[in-house]
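**Student:** I have a structure here, written as structure tokens, and I will follow up with some questions on it.
Protein chains: 4
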Amino acid sequence: MKNVKKRLDIAMIGHGFMGRAHSNAIHQVGHFFDIPYDLCLKVICGRDLSNLEAMAAQWGWEETAGDWQSVVERKDIDVVDICTPNRFHAPIAVAAAQAGKIVLCEKPLAMNLEEAQIMAAAARNVPNLVWFNYRRVPAIALAKRLMNEGKLGKIYHYRATYLQSWGPDPVPEGAWRFNIAEAGSGAVGDLLSHSVDLALWLNGEVSEVSSVVQTFAPGREVDDAVLVLARFANGSIGTFEATRYAIGCRNRNCLEIHGSKGALRFDLENP
Amino acid sequence: MKNVKKRLDIAMIGHGFMGRAHSNAIHQVGHFFDIPYDLCLKVICGRDLSNLEAMAAQWGWEETAGDWQSVVERKDIDVVDICTPNRFHAPIAVAAAQAGKIVLCEKPLAMNLEEAQIMAAAARNVPNLVWFNYRRVPAIALAKRLMNEGKLGKIYHYRATYLQSWGPDPVPEGAWRFNIAEAGSGAVGDLLSHSVDLALWLNGEVSEVSSVVQTFAPGREVDDAVLVLARFANGSIGTFEATRYAIGCRNRNCLEIHGSKGALRFDLENP
Amino acid sequence: MKNVKKRLDIAMIGHGFMGRAHSNAIHQVGHFFDIPYDLCLKVICGRDLSNLEAMAAQWGWEETAGDWQSVVERKDIDVVDICTPNRFHAPIAVAAAQAGKIVLCEKPLAMNLEEAQIMAAAARNVPNLVWFNYRRVPAIALAKRLMNEGKLGKIYHYRATYLQSWGPDPVPEGAWRFNIAEAGSGAVGDLLSHSVDLALWLNGEVSEVSSVVQTFAPGREVDDAVLVLARFANGSIGTFEATRYAIGCRNRNCLEIHGSKGALRFDLENP
Amino acid sequence: MKNVKKRLDIAMIGHGFMGRAHSNAIHQVGHFFDIPYDLCLKVICGRDLSNLEAMAAQWGWEETAGDWQSVVERKDIDVVDICTPNRFHAPIAVAAAQAGKIVLCEKPLAMNLEEAQIMAAAARNVPNLVWFNYRRVPAIALAKRLMNEGKLGKIYHYRATYLQSWGPDPVPEGAWRFNIAEAGSGAVGDLLSHSVDLALWLNGEVSEVSSVVQTFAPGREVDDAVLVLARFANGSIGTFEATRYAIGCRNRNCLEIHGSKGALRFDLENP
Numbered sequence: 000m001k002n003v004k005k006r007l008d009i010a011m012i013g014h015g016f017m018g019r020a021h022s023n024a025i026h027q028v029g030h031f032f033d034i035p036y037d038l039c040l041k042v043i044c045g046r047d048l049s050n051l052e053a054m055a056a057q058w059g060w061e062e063t064a065g066d067w068q069s070v071v072e073r074k075d076i077d078v079v080d081i082c083t084p085n086r087f088h089a090p091i092a093v094a095a096a097q098a099g100k101i102v103l104c105e106k107p108l109a110m111n112l113e114e115a116q117i118m119a120a121a122a123r124n125v126p127n128l129v130w131f132n133y134r135r136v137p138a139i140a141l142a143k144r145l146m147n148e149g150k151l152g153k154i155y156h157y158r159a160t161y162l163q164s165w166g167p168d169p170v171p172e173g174a175w176r177f178n179i180a181e182a183g184s185g186a187v188g189d190l191l192s193h194s195v196d197l198a199l200w201l202n203g204e205v206s207e208v209s210s211v212v213q214t215f216a217p218g219r220e221v222d223d224a225v226l227v228l229a230r231f232a233n234g235s236i237g238t239f240e241a242t243r244y245a246i247g248c249r250n251r252n253c254l255e256i257h258g259s260k261g262a263l264r265f266d267l268e269n270p
Numbered sequence: 000m001k002n003v004k005k006r007l008d009i010a011m012i013g014h015g016f017m018g019r020a021h022s023n024a025i026h027q028v029g030h031f032f033d034i035p036y037d038l039c040l041k042v043i044c045g046r047d048l049s050n051l052e053a054m055a056a057q058w059g060w061e062e063t064a065g066d067w068q069s070v071v072e073r074k075d076i077d078v079v080d081i082c083t084p085n086r087f088h089a090p091i092a093v094a095a096a097q098a099g100k101i102v103l104c105e106k107p108l109a110m111n112l113e114e115a116q117i118m119a120a121a122a123r124n125v126p127n128l129v130w131f132n133y134r135r136v137p138a139i140a141l142a143k144r145l146m147n148e149g150k151l152g153k154i155y156h157y158r159a160t161y162l163q164s165w166g167p168d169p170v171p172e173g174a175w176r177f178n179i180a181e182a183g184s185g186a187v188g189d190l191l192s193h194s195v196d197l198a199l200w201l202n203g204e205v206s207e208v209s210s211v212v213q214t215f216a217p218g219r220e221v222d223d224a225v226l227v228l229a230r231f232a233n234g235s236i237g238t239f240e241a242t243r244y245a246i247g248c249r250n251r252n253c254l255e256i257h258g259s260k261g262a263l264r265f266d267l268e269n270p
Numbered sequence: 000m001k002n003v004k005k006r007l008d009i010a011m012i013g014h015g016f017m018g019r020a021h022s023n024a025i026h027q028v029g030h031f032f033d034i035p036y037d038l039c040l041k042v043i044c045g046r047d048l049s050n051l052e053a054m055a056a057q058w059g060w061e062e063t064a065g066d067w068q069s070v071v072e073r074k075d076i077d078v079v080d081i082c083t084p085n086r087f088h089a090p091i092a093v094a095a096a097q098a099g100k101i102v103l104c105e106k107p108l109a110m111n112l113e114e115a116q117i118m119a120a121a122a123r124n125v126p127n128l129v130w131f132n133y134r135r136v137p138a139i140a141l142a143k144r145l146m147n148e149g150k151l152g153k154i155y156h157y158r159a160t161y162l163q164s165w166g167p168d169p170v171p172e173g174a175w176r177f178n179i180a181e182a183g184s185g186a187v188g189d190l191l192s193h194s195v196d197l198a199l200w201l202n203g204e205v206s207e208v209s210s211v212v213q214t215f216a217p218g219r220e221v222d223d224a225v226l227v228l229a230r231f232a233n234g235s236i237g238t239f240e241a242t243r244y245a246i247g248c249r250n251r252n253c254l255e256i257h258g259s260k261g262a263l264r265f266d267l268e269n270p
Numbered sequence: 000m001k002n003v004k005k006r007l008d009i010a011m012i013g014h015g016f017m018g019r020a021h022s023n024a025i026h027q028v029g030h031f032f033d034i035p036y037d038l039c040l041k042v043i044c045g046r047d048l049s050n051l052e053a054m055a056a057q058w059g060w061e062e063t064a065g066d067w068q069s070v071v072e073r074k075d076i077d078v079v080d081i082c083t084p085n086r087f088h089a090p091i092a093v094a095a096a097q098a099g100k101i102v103l104c105e106k107p108l109a110m111n112l113e114e115a116q117i118m119a120a121a122a123r124n125v126p127n128l129v130w131f132n133y134r135r136v137p138a139i140a141l142a143k144r145l146m147n148e149g150k151l152g153k154i155y156h157y158r159a160t161y162l163q164s165w166g167p168d169p170v171p172e173g174a175w176r177f178n179i180a181e182a183g184s185g186a187v188g189d190l191l192s193h194s195v196d197l198a199l200w201l202n203g204e205v206s207e208v209s210s211v212v213q214t215f216a217p218g219r220e221v222d223d224a225v226l227v228l229a230r231f232a233n234g235s236i237g238t239f240e241a242t243r244y245a246i247g248c249r250n251r252n253c254l255e256i257h258g259s260k261g262a263l264r265f266d267l268e269n270p
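Same order as they appear, the protein sequences are chains V, Y, E and X.
When the letters of the first sequence are read in order and numbered with numbering that gives the first Met the number 0, they come out as residues 0 to 270.
When the letters of the second sequence are read in order and numbered with numbering that gives the first Met the number 0, they come out as residues 0 to 270.
When the letters of the third sequence are read in order and numbered with numbering that gives the first Met the number 0, they come out as residues 0 to 270.
When the letters of the fourth sequence are read in order and numbered with numbering that gives the first Met the number 0, they come out as residues 0 to 270.
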């Protein structure tokens, strides 16, 4: 069998938990889906060089690099995958887009609306995506189709909870997630962003919101929890809750939708 | 064994679903708990006389009556139990309290805050209660004790959903629950009142709220659903949802509480 | 409304846990179902006279008696309800049937097959029942109808577990349930009898069985657990497990049926 | 980082569903665990050459081959992984062991006890394993440790169900699983073998068994379902059920253990 697939050379910027998750995805996707590309793990880029070498060896990246600016401009790179702390999303994405690369960016997309708009403008002419992975869960993809086909009828209620419990744990040295300048937000960007993306995708635009943001840990710069009430343009109403202080729930991502013809419930994560 | 229990003669005003539930409770309580009273089902009072006779026969009420005003003033009545449509709660409760009766009143207590304050003032000197039955569910009583003893630690999250699905059903002739003048509200008084009572009882005062009230049925006078965000005085935050349009949930009353030392979940109703 | 119901005077023999359960049932049935009888709690009969008086007072029995022989022959008694330890089931049932009474008997029906056959012969001409209450659970009644109508298709598998955990608990003074002469068996009569009754009722005759009976408690006279494999006459195969040593399951009575057109699962008890 | 890992060249015999599962495992294991080997997907061997090429391309096997006899004798092969229909397990395993290879064999190990004994003798001097993957599920590994440490106390009950529902589906052309000469058995080898392996591993030797084997499909050569009662050497008793006719359960592999100090439940598969 002649292999006529186009080769895509990937540069990954960042090498933490999400870096490993994406490395895994790049290795696995061709085994389970018939894709028209050969994905090549070309270069992984990060600040902590000793960890970077170990990770490159474990996950099969060909090269390592310490400087993202030069990496995103390399002629031999087709794709830039951004898994860094949130504050680097915008500069890397804009530079990569300007260099004509395919841009893949972790969520939350940006530190604020202005950054997001700049990124969107820069990436207008290159293929790009934000890693909202839950859209591709088969059950969610089916829900999307059912809702598009009107199988749930008129939607009345939308209810999303994303509950984690590690908020009170000791903060590791150098943890960027609690640093407002690095992370931009806490549960809002980390957890609520997933729930809001699914809501917009499945149930359409939100017309009104009211919310409560709460920080429980003394002195913490970012939010620990957020609650939202929403009215959707389709006439339904919804509640959202995202928190790192739901003791008892390690990682519970749950979604419920009630329409005039039926209801759906998803336990997207429930350990 | 000499029976030295005090006899309490009860008048029930109203004879619908809750009238049957209370009749059952009056018959049963002495079988399962050691109470110092002999409860006597003396008179049941209602507007629909043919149904009233049948109900009196089925549930063992000694007499029937059509006029609550004279019933609540009868010398031989000790207790007035109010199971009428909401708009009669206040006049009956005030009259019964002024006649020195023990007053038991269904929820929601009143049509509005002003009525409730008048009722509270009138009943100041008589034993009285509102039928918030969930407080007496053994698991809730245990939760109350655990929370009072600090076993859950500092409370972070409170989450209550009361979901029913009969909102879109055809409205029966003469249904008072959709009539604003008879019911005062819809899901707010009928369902949310239970959730709010439990929240105040278990988790203390609410300091701030934001809410959405929604009517889905065209032309309906009362709310079909209500969403609430709350901050509690103890520093926790909460969400409440009560609805008659949660297709798929006949009667789901669920409560979750997360504290620093543990979490509780109750499926108070879940068919 | 003229009351034209026939009065049935009931004598209950036995006054333990099941005596209370039946007293409750007799009080309640007319409130929830339209029955053609006035049920009268006439006399309760037992060996422990002080407890008997207290129970009669609490549950509204008119009289107490210490001698079942004379009670079952009283002209003013229509129904004899047998809630005694198992070894009295046969003599009381036979005597009551010979006196022409309606006979209601707790399970297990008898100490052995021979006794059961004598009882069946004696009761041939009087209304009678064994208290297999699960048949009347609405979901089971519906299952029966669905299976009769062929809605489950050809049945392949039947699986029943009745799991309790109190086997290792200290044995109270005078507990008849561990006494082979009083109880006849342990989990077999107490728990498996329910599962087998439902199986025969829902799935028809059993053609072959293999079983394991086990006593875990040293010196105990009766079985603590029983396992059964069965072939049914309809071609399906089944497993049964009944035990008082399923630590972690206070009272789990579960039933699953798989047929060619569908499957059913019932959690009849699951605390 | 200098790579000092020992290279192991693998030959896989068979290329069906389990061939894909093993290919995936070989690719993934080094990403998630720190292993001292470089695993090389050297050659995949099968009878259907066109499918074999496609699979080799999709899963990254270097070579393909049609003749297992010559493959298992290749000097450049270190490991032989057997994923063929059951009847080839013994000849391939014996040949590979005699050639000094590491032998990995799918379950059920053999067509019968005699074959298994011949295989065990042949593989005495080479590293070998049967693919009983559930032993490595983290929860099962923890259960094993807890039970070894006596944390569950004396074991009373063991209950395993492995329920699938595809038995009545149309049989694809050339399906070896229903052919007695190729498969040896049906649910017994395919499903029960997993349950029995876990039971022996977790709960020790079985001293007595009684079983029912059933074929529901007309004319089918292998069993569709099997039920087993067992006494274990440790004094506990158990039930096993494995079936392809549990309509409603696509793939439910459940295990429950009750001991004097606690109970465990595992839903190893439950879609």
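The beta carbon of each residue, even a glycine, is placed where N, CA and C say it ideally should be.
Keep in mind the model is a prediction, meaning the values are calculated, not measured.
#1: Could you have a look at residue 154 of chain Y and say whether DSSP puts it in helix, strand or coil?
#2: So with Cβ pairs under 8 Å, would you call residue 57 of chain V a contact of chain X?
#3: Mind listing the chain V neighbours of residue 269 of chain X? Cutoff is C-beta to C-beta under 7 Å, in chain order.
#4: What are the uninterrupted segments assigned as alpha helix (DSSP H) that are 4 or more residues long and contained completely in the region 5-36 of chain X, given in chain order?
#5: Considering only C-alpha positions, which residue in the set X/44, X/51, X/62, X/52 is nearest to residue 68 of chain X?
#6: Is residue 228 of chain E closer than 8 Å to residue 142 of chain E when the C-beta atoms are compared?
#7: Note down, one range per segment and in chain order, each alpha helix (DSSP H) of at least 4 residues found wholly within the region 83-151 of chain X.
#8: Give a yes or no on whether 8 Å exceeds the smallest Cβ distance from residue 228 of chain Y to chain V.
#9: List the residues of chain V whose Cβ lies closer than 7 Å to the Cβ of residue 215 of chain Y, in chain order.
#10: The beta strand (DSSP E) spanning residue 212 of chain V covers which residue range?
#11: The beta strand (DSSP E) that contains residue 79 of chain X, what's its start and end?
#12: Is any beta-carbon of chain X found at less than 8 Å from that of residue 161 of chain E?
#13: Grab me the residues of residue 89 of chain X's own chain with a C-beta within less than 6 Å of its C-beta, minus the 5 sequence neighbours each way, in chain order.
#14: Taking beta-carbon pairs under 9 Å, can you tell me which members of the region 27-39 of chain X lie near chain V?
#15: Which runs of the alpha helix (DSSP H) spanning at least 4 residues fall entirely within the region 179-259 of chain E, listed in chain order?
#16: Just checking, does the region 175-188 of chain Y make contact with the region 219-226 of chain Y on the three C-beta pairs under 8 Å criterion?
#17: Can you give the Cα-Cα distance for residue 100 of chain Y and residue 188 of chain Y, rounded to whole angstroms?
#18: Does the count of Cβ pairs from the region 162-169 of chain V and the region 230-248 of chain V closer than 8 Å reach three?
#19: Please state the DSSP three-state secondary structure of residue 70 of chain X.
#20: Does the beta carbon of residue 23 of chain E sit closer than 8 Å to a beta carbon anywhere in chain Y?
#21: What residues in its chain sit with their C-beta under 8 Å from that of residue 71 of chain E, if we drop five residues either side in the sequence?
#22: Could you tell me the distance, in whole angstroms, from the CA atom of residue 274 of chain E to the CA atom of residue 106 of chain E?
#23: Based on DSSP bridge pairs, tell me the residues matched to residue 163 of chain Y.
#24: Per DSSP, residue 267 of chain E forms a beta bridge with which residues?
#25: Can you give me, in chain order, the residues of the region 237-270 of chain V that have a beta carbon less than 7 Å from any beta carbon in chain Y?
#26: Assess, as a yes-or-no matter, whether the region 12-25 of chain E is touched by the region 250-261 of chain Y under the definition of 3 or more beta carbon pairs within less than 8 Å.
#27: Take residue 66 of chain Y and list the residues in its own chain whose beta-carbon comes closer than 6 Å to its own, dropping the five residues that flank it on each side.
#28: Do the CB positions of residue 155 of chain Y and residue 215 of chain V come within less than 8 Å of each other?
#29: So which residues of chain E does residue 211 of chain X contact, with C-beta pairs closer than 7 Å?
**Tutor:** The answer reads as follows:
#1: In the structure shown, residue 154 of chain Y sits in a strand (DSSP, three-state: E or B).
#2: Interface residue, yes.
#3: Near residue 269 of chain X there are no residues of chain V at all, since even the closest Cβ is about 12 Å away, more than 7 Å.
#4: DSSP runs (the alpha helix (DSSP H)) wholly in the region 5-36 of chain X: 16-31.
#5: Nearest option by C-alpha distance: X/44.
#6: For residue 142 of chain E and residue 228 of chain E, no; Cβs fall outside 8 Å.
#7: Runs found: 88-97, 112-121, 137-147.
#8: Yes, contact with chain V.
#9: Under the 7 Å cutoff, chain V gives 155.
#10: Counted as a single uninterrupted DSSP element, the beta strand (DSSP E) harbouring residue 212 of chain V occupies residues 205-213.
#11: Boundaries of the beta strand (DSSP E) around residue 79 of chain X: 78-81.
#12: With 8 Å as the cut-off, residue 161 of chain E does not count as an interface residue toward chain X.
#13: Short of 6 Å from the beta carbon of residue 89 of chain X, and not among the five residues preceding or following it, lie these beta carbons of its own chain, in chain order: 109, 114, 118.
#14: Within the region 27-39 of chain X, the residues whose Cβ lies closer than 9 Å to some Cβ of chain V are 27, 29, 30, 31, 33, listed in chain order.
#15: Here the runs fully enclosed are 179-182, 192-202.
#16: With three or more CB-CB distances shorter than 8 Å, the region 175-188 of chain Y counts as touching the region 219-226 of chain Y.
#17: Going by the C-alpha atoms only, they are around 25 Å apart.
#18: Because the criterion of three Cβ pairs below 8 Å is met, the region 162-169 of chain V and the region 230-248 of chain V touch.
#19: Three-state result, residue 70 of chain X: helix.
#20: Chain Y, which has a Cβ nearer than 8 Å to the Cβ of residue 23 of chain E, makes this yes.
#21: The residues are 10, 12, 79, 91, 94, 95, 98, 100.
#22: Nothing about residue 274 of chain E can be read from this structure; chain E reaches only from 0 to 270.
#23: Paired residue(s): Y/250.
#24: BP columns for residue 267 of chain E are empty, so no partner.
#25: Taking 7 Å as the Cβ-Cβ cut-off against chain Y, the residues of the region 237-270 of chain V that qualify are 238, 240, 242, 244, 245, 246, 247, 257, 258, 259, 261, 262.
#26: No: fewer than three Cβ pairs fall under 8 Å.
#27: Within the same chain, and ignoring the five residues on either side of residue 66 of chain Y in sequence, no residue has its Cβ closer than 6 Å to its Cβ.
#28: Yes, the pair counts as a contact, with Cβ atoms nearer than the cut-off.
#29: Neighbours of residue 211 of chain X across chain E, judged by C-beta separation under 7 Å: 228, 230, 236.
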